[in-house]
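Step one of this worksheet: look at the structure below.
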Amino acid sequence: SQQGEEDPQALSIQEGENATMNCSYKTSINNLQWYRQNSGRGLVHLILIRSNEREKHSGRLRVTLDTSKKSSSLLITASRAADTASYFCATDRWDGGSQGNLIFGKGTKLSVKP
Amino acid sequence: EAQVTQNPRYLITVTGKKLTVTCSQNMNHEYMSWYRQDPGLGLRQIYYSMNVEVTDKGDVPEGYKVSRKEKRNFPLILESPSPNQTSLYFCASSLDGQVSYGYTFGSGTRLTVV
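Residue numbers (the numbering used here), protein chains in the order written: chain A, 71 to 184; chain B, 46 to 159.
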């Protein structure tokens, strides 16, 4: 079952521009995470934001979280060709009191043209 | 180097021939999980393990088995593979099962069942 849903599905920009990807989810969460996947490779953890945080930065990445709207955004500033990848949001899911698991959206495919 | 190692990287097999995909992590992580990734369906969880000898089903467990006899290893077993199990498989690990930390992913195993 899917929790997060990214928007847009695909995004194409020029190098140097900013890229914004959005994620919406359905249930309450403890935290939300963003991952990057280069074509056919393993996912790489980018950033984790907890439900009591509104904004977090890591280098050129800025993540916001709005729990009232059940949404998050990932902003990549001054994009580079090397940022070309798929980006996934992931949220924790608590199943009837058992331990949590991380479930992923379908991703946004970002293409940065040199 | 802290990592999750999956083997093999690529595998082509025939229907019904039992196979095992190995997964090993060197970070002393308690939590490990298997996902499959299919076009249009995103990442779906197959099985996960909170610790040694503790495993549980994810969203798509049919046709798969796992075991966790040691903390570092979490093999995925396909007793009788079928073509609908052709997919890209990822193993992931995390410090604990509270989803308080990011996941570390392996590089993936691309399985083709003919």
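Just so you know, even glycine gets a beta-carbon here, dropped at the ideal spot from N, CA and C.
Label Leu144/A either buried or exposed according to how many other C-beta atoms from any shown protein chain fall within 10 Å of its C-beta, with 16 as the threshold for buried. Of the residues assessed, Leu144/A falls on the buried side of the cut-off, its CB having 16 or more other CB atoms within 10 angstroms.
How big is the Cα-Cα spacing for Glu123/A and Leu135/A? Answer to the nearest angstrom: the Cα atoms are 7 Å apart.
Does Lys183/A have its Cβ less than 8 Å from a Cβ in chain B? Using beta-carbon distances, Lys183/A does not count as an interface residue toward chain B, since no partner is under 8 Å.
Measuring CA to CA, which of Gln90/B, Arg117/B, Leu64/B, Arg54/B is closest to Arg155/B? With distances taken between Cα atoms, Arg155/B lies closest to Arg54/B.
Give the DSSP-derived three-state secondary structure of Asp153/A in the structure shown. Here DSSP, grouped into helix, strand and coil, assigns Asp153/A to helix.
Just by C-beta distance, which residues in the segment 64-85 of chain B are closer than 9 Å to chain A? Of all residues in the segment 64-85 of chain B, Tyr76, Ser78, Tyr80, Gln82, Gly85 have a Cβ within less than 9 Å of some Cβ in chain A.
Using a C-beta to C-beta distance shorter than 8 Å, which residues of chain B count as neighbours of Lys176/A? Within 8 Å Cβ-Cβ: Gly85, Leu86, Gly87.
With DSSP as the reference, identify every bridge partner of Gly108/B, one or two as the case may be. In the DSSP output, where bridge partners are listed per residue, Gly108/B has none listed.
Range of the contiguous beta strand (DSSP E) that encloses Ser94/A: Counting along the chain, the beta strand (DSSP E) containing Ser94/A begins and ends at 89-94.
Can you give me the C-alpha to C-alpha distance between Asn100/A and Ser121/A, rounded to a whole angstrom? Between the alpha carbons of Asn100/A and Ser121/A lies a gap of roughly 5 Å.
Going along chain B, which residues have a C-beta under 9 Å from Asn101/A? Simply Val144, Ser145.
Identify the residues that DSSP records as bridge partners of Asp141/B: which are they? The partner list for Asp141/B (beta bridge, DSSP) is empty, contrary to what the question assumes.
Under three-state DSSP, which class holds Gln130/B? Here Gln130/B sits in helix by DSSP.
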